[in-house]
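> I have a structure I would like to understand better, so I am pasting it below and will then ask my questions one at a time.
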Amino acid sequence: MPHSTARREFLLSMSAVGMGILLPGCKKCIQGSALGNAQIPQPTGSLVTRWRQDPYARGSYSYIPMGGRASDRVVLRAPVQETLFFAGEATSSDSPSTVDGALLSGLRAAEEVLASSASRIAVIGAGVSGLAAAAALADAGLVVEVFEARDRIGGRVVTDRTLGTPLDLGASWIHGARGNPLTDIAEDLDLMRAKTRYGNQVIRNEDGEVLCESDTSAGWQEVTWVEHEYGADIADLSDEAEEEGGLYGGKDRIFVCGYDDVLEAFAGDYEVRLNAVVDRIEWSAGRVLLDAEGTPFDAVIVTLPLGVLQSGSVVFAPELPQEKRNAIADLGMGLLNKVYLRFPEVFWDEEADLLGYDGPERGLFSEWVNIAKITGEPVLLGFNASSVADELEGWTDEEIVAEAMRALRGMYQG
Ligand SMILES: Cc1cc2nc3c(=O)[nH]c(=O)nc-3n(C[C@H](O)[C@H](O)[C@H](O)COP(=O)(O)OP(=O)(O)OC[C@H]3O[C@@H](n4cnc5c(N)ncnc54)[C@H](O)[C@@H]3O)c2cc1C
Numbered sequence: 520m521p522h523s524t525a526r527r528e529f530l531l532s533m534s535a536v537g538m539g540i541l542l543p544g545c546k547k548c549i550q551g552s553a554l555g556n557a558q559i560p561q562p563t564g565s566l567v568t569r570w571r572q573d574p575y576a577r578g579s580y581s582y583i584p585m586g587g588r589a590s591d592r593v594v595l596r597a598p599v600q601e602t603l604f605f606a607g608e609a610t611s612s613d614s615p616s617t618v619d620g621a622l623l624s625g626l627r628a629a630e631e632v633l634a635s636s637a638s639r640i641a642v643i644g645a646g647v648s649g650l651a652a653a654a655a656l657a658d659a660g661l662v663v664e665v666f667e668a669r670d671r672i673g674g675r676v677v678t679d680r681t682l683g684t685p686l687d688l689g690a691s692w693i694h695g696a697r698g699n700p701l702t703d704i705a706e707d708l709d710l711m712r713a714k715t716r717y718g719n720q721v722i723r724n725e726d727g728e729v730l731c732e733s734d735t736s737a738g739w740q741e742v743t744w745v746e747h748e749y750g751a752d753i754a755d756l757s758d759e760a761e762e763e764g765g766l767y768g769g770k771d772r773i774f775v776c777g778y779d780d781v782l783e784a785f786a787g788d789y790e791v792r793l794n795a796v797v798d799r800i801e802w803s804a805g806r807v808l809l810d811a812e813g814t815p816f817d818a819v820i821v822t823l824p825l826g827v828l829q830s831g832s833v834v835f836a837p838e839l840p841q842e843k844r845n846a847i848a849d850l851g852m853g854l855l856n857k858v859y860l861r862f863p864e865v866f867w868d869e870e871a872d873l874l875g876y877d878g879p880e881r882g883l884f885s886e887w888v889n890i891a892k893i894t895g896e897p898v899l900l901g902f903n904a905s906s907v908a909d910e911l912e913g914w915t916d917e918e919i920v921a922e923a924m925r926a927l928r929g930m931y932q933g
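In my numbering, the protein residues as written are 520 to 933.
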């Protein structure tokens, strides 16, 4: 989720007390710095994510679609015969589709296991939920083995450093820093964070003109306020989706040196098997087998992303109860993709936290994060979400970067 409750709170507070920068009437609208007709430079490096095509995620984060219910998450997380336990962001009702939701879901599943008689536990997935569960169980003295399909831990928390600076391909923010367990972790590990002020945004159209938020198109508002948040088309969202999340107060914070530093907090006395793709979970009460030659476990915590569960790439034998299969089918797996572009120097509005693009095509590169403001490096991060992002996943990297550059040329060359 790129903005969450803090953004919503900001919007509400703006209209309530008139303190915002982008007020209707445009009096205090940020003016931005125009580049005139000068050519903007070509990027010297780029990173493009495709979370839908990722076989171990199949999307970015969950949401409640039309026809789905908040109660589907309750059904999804319910243990089966004290043997199959479930964690992961999609099982969180308080803070779904976030890292903190994943973390707390892992701790909740660990408590459920501890209340059972199981002592030898398999955890599927070394994302934040799986690692948090494994660390808690190992702390309590249980024997824990984590099976992770990728060649790294972290799942949807992943930081790329190939462009010479840490850039998060999955999660970026602590959503609502006050009271958030990730704030405690960041404090303990002394991780540098920067505030994001969503109101500190310069919005431009394809002619390079600066717009007040109140003058932006309805499409731009829907995309940046809603569709980027849920990773879903506005028409596909249930009313119940809006009521989820917003557990914590305070500003959103972004990790300056990369989100993956938080993973250190989940170190513990348990084994992680990397490159260990699980494709079959054979189970009966008190017994779980993940591969034919392996030793059985007493229980398993399944942290497979909702999109993986929906894809059927992991077979449960016997299959999951019908109610749980219905919940899996009825929830939605949203999509938010990122494009990072590194430039020789900053040519954009360097004081803005965010750059908006209200261009001719709805949803294409509508919002950008000014990474230079956070790290000092001349990098921009562009977002695409929902069906637009799904379509772009079929494009080559070169085509996607060319489209991103088209948006930036509109914004800064006019
Ligand atoms: C682009 C993007 C932006 C985001 N922005 C934010 C943000 O700013 N703030 C925020 O709080 N959240 C954000 N999120 C959401 C956040 O990243 C997730 O909610 C959270 O990381 C999920 O953790 P998890 O443990 O539930 O799942 P995951 O991290 O997906 O962990 C599941 C693990 O299971 C593994 N796995 C999958 N299939 C198999 C298999 N068959 N066998 C073995 N292992 C398997 C996966 O490789 C993965 O490591 C964002 C996500 C994305 C993609």
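Here a beta-carbon is modelled for each residue, glycine too, at the ideal position from N, C-alpha and C.
If you're wondering where the values come from, they're calculated on a predicted model, not measured in any experiment.
Please report the residue range of the alpha helix (DSSP H) in which ARG844 lies.
841-849
> For THR678, list the residues DSSP reports as bridge partners.
ASP687
> In the DSSP assignment, the beta strand (DSSP E) including TYR582 goes from what residue to what residue?
580-582
> Using the C-alpha atoms, what's the distance from ASN889 back to TYR778?
17 Å
> Between VAL745 and ALA589, what straight-line distance do the alpha-carbon atoms span, to the nearest angstrom?
18 Å
> Mapping DSSP to helix, strand and coil, what is TRP914?
Here DSSP, grouped into helix, strand and coil, assigns TRP914 to coil.
> Judging by CA-CA distance, which residue of TRP867, ALA737, VAL791, VAL676 is the nearest neighbour of TYR580?
The residue with the shortest Cα to Cα distance from TYR580 is VAL676.
> How many angstroms separate the CA atom of LEU708 from the CA atom of VAL647?
16 Å
> On the DSSP bridge list, what partners appear for VAL898?
ARG861.
> For the putative contact between ILE704 and ILE820, defined by C-beta atoms under 8 Å, what is the C-beta separation to the nearest angstrom?
Not a contact, Cβ separation roughly 20 Å.
> Does ligand 1 have a heavy atom nearer than 7 Å to the CB of HIS747?
no
> Less than 8 Å between the CB atoms is what I'm expecting for GLY625 and ALA606, so what's the real figure, rounded?
The Cβ separation is near 5 Å, so the contact holds.
> Tell me, which residues are paired with GLY646 by DSSP?
GLY673
> Does the Cβ of ARG944 have 16 or more other Cβ atoms within 10 Å, making it buried, or fewer, making it exposed?
The chain is shown from 520 up to 933; residue 944 falls before or after that span and cannot be answered.
> I believe LYS770 touches ALA655 by the beta-carbon criterion, under 8 Å. Please report the beta-carbon distance rounded to the nearest angstrom.
In fact, because the Cβ distance is near 29 Å, the residues do not count as touching under 8 Å.
> Just grab the DSSP bridge partners of ASP877 for me.
ASN724
> Less than 7 Å between the CB of TYR789 and some heavy atom of ligand 1, yes or no?
no
> Measure the CB-CB distance between VAL865 and LEU883 and report whether it falls below 8 Å.
no
> Using the DSSP secondary-structure output, state which residues sit across from ILE640 in a beta bridge.
Answer by DSSP bridge pairing, in chain order: VAL663, ALA818.
> Residue range of the beta strand (DSSP E) that VAL807 falls in?
Taken as a continuous stretch (DSSP letters only), the beta strand (DSSP E) holding VAL807 covers 806-808.
> Quick check on the burial criterion: 16 or more other C-beta atoms within 10 angstroms. Buried or exposed for VAL858?
buried
> Output the distance between the C-alpha atoms of GLU761 and GLU741, rounded to the nearest integer angstrom.
13 Å
> When the Cβ atoms of the segment 590-598 are set against those of the segment 608-626, are three or more pairs found closer than 8 Å?
yes
> Could you tell me how far apart the beta carbons of GLY929 and GLU725 are, in whole angstroms, since I believe they sit closer than 8 Å?
The pair is a contact, with the Cβ atoms about 4 Å apart (cut-off 8 Å).
> Measuring alpha carbon to alpha carbon, tell me which of ASP679, GLY768, ARG571, ALA690 ends up nearest GLY698.
The closest CA to that of GLY698, considering only ASP679, GLY768, ARG571, ALA690, is found on GLY768.
> Rounded to a whole number of angstroms, what is the C-alpha to C-alpha distance between THR681 and GLU601?
44 Å
> Verify whether the separation of the beta carbon atoms of LEU854 and LEU825 is less than 8 Å.
no
> Applying the criterion that 16 or more other CB atoms from any shown protein chain within 10 Å of the CB defines a buried residue, is GLY620 buried or exposed?
Residue burial is scored here from C-beta neighbours: GLY620 has at least 16 other C-beta atoms within 10 angstroms and is therefore classed as buried.
> Using DSSP with H/G/I as helix, E/B as strand and the rest coil, what is SER736?
coil
> Which residues share a DSSP beta bridge with LYS714?
According to DSSP, residue pairing for LYS714 in a beta bridge involves ARG772.
> With a cut-off of 8 Å on the beta carbons, I'd call LEU809 and VAL796 a contact; round off their distance for me.
With 8 Å as the limit, LEU809 and VAL796 do not qualify as a contact, their Cβ atoms being about 10 Å apart.
> Is ALA628 buried or exposed, if buried means 16 or more other CB atoms sit within 10 Å of its CB?
buried
> Please name the residue, chosen from SER691, ASP755, VAL898, ASP909, that lies closest to GLU869 on a Cα-to-Cα basis.
Residue VAL898 is the option with its Cα nearest to GLU869.
> Buried or exposed: where does ALA904 fall if 16 or more other Cβ atoms within 10 Å of its Cβ makes it buried?
buried
> Is TRP887 near ligand 1, judged by its Cβ being under 7 Å from some heavy atom?
no
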